[in-house]
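Participant:
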Amino acid sequence: MKNKKKMCFGVIIGTRAYFNSELAKDVRKQLLETLTKEGYDYVILPEDATPTGSSSIETREDGLKCAKLFRENRDRIDGIIVSLPNFGFEIGIINAISVADLNVPVLVQACDDENDKVDLDSRRDAFCGKISVCNNLYQYGIPFTDTTLHTYSIYSDLLAADINKFAAICRVVNGLRHARIGAIGTRPAGFQTVRASEKLLQASGITVVPGKHSASCVFFSPLFLPTFVASL
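Reading the sequence shown from the start, the letters are residues 39 to 270 in the working numbering.
(1) When the distance is taken between beta carbons, is F127 closer than 7 angstroms to E96?
(2) Please state if the CB of I180 and the CB of S121 are separated by a distance shorter than 7 angstroms.
(3) Looking at A105 and A134, is the spacing between their C-beta atoms short of 7 angstroms?
(4) What ranges does the beta strand (DSSP E) occupy inside the stretch 43–119, keeping only unbroken runs of at least 3 residues that lie completely in it?
(5) Given this structure, state the Cα-to-Cα distance separating I207 from L145, to the nearest angstrom.
(6) Name the one or two DSSP bridge partners that R218 has.
(7) Run through DSSP, which three-state label would R183 get?
(8) Can you tell me whether S194 is helix, strand or coil according to DSSP?
(9) From this set, S191, R66, E99, which residue's C-alpha is nearest E152's C-alpha?
(10) Buried or exposed for T90, going by 16 or more other Cβ atoms inside 10 Å?
(11) Tell me the rounded alpha-carbon separation between L73 and K203.
(12) According to the Cβ coordinates, are P143 and A62 closer than 7 angstroms?
(13) Note down, in chain order, each residue of its chain lying with its Cβ closer than 7 angstroms to the Cβ of V246, except the 5 sequence neighbours on either side.
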């Protein structure tokens, strides 16, 4: 089924002062090219919006700029992608996401180090940085999605695969957020596996609407089901 709306992601590139911020420029370019190639739109700060020249987020002030941009595009953004070219600084990233308060899925991707490039200009240490960012998301109660591997090159084919998988997650989460589900009949006594809490569903934006009749109406009255569905 073809999507009615082109999916759009808010993009956050993270960096940290004593790591080479030039690495972020290459990651920004490649990530945006991949999103475009896969047919997605994106919202990201202009390159000159932060001191690094790559729109990468470091300080709380950077994060607040990003949050403002995301809020202005709230109706467009289906999910947020965080990419770590280096260790990153979790304070800026978590402020961008928490202050924007979009309540959309979050994907965290990080780049790996190369064995022969661990000098001051080339070292990334995004492996540890990703742990820090994810820990902050956990502390703030913000659900997030991990990539196939903890870290990998921004040029890896895994990037497109993970983005497409994340897009599917966003479609499901956002599609169910205001869903209304019709409940016909009572739960069978012998199947406790189908128990569900309407309150927990409602906390996720899913409303359960109970029917007035038993499940037998579905089988014996051909007019019941379309009438019930229309009432949801």
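A virtual CB, placed ideally from N, CA and C, is assigned to each residue, including glycine.
Facilitator: This is what the structure gives:
(1) yes
(2) no
(3) yes
(4) 46–51, 79–81
(5) 10 angstroms
(6) T245
(7) Sequence check: residue 183 is Thr here, not Arg. DSSP places T183 in strand when its eight states are reduced to three.
(8) coil
(9) S191
(10) buried
(11) 13 angstroms
(12) no
(13) I219, A221, E236, L239
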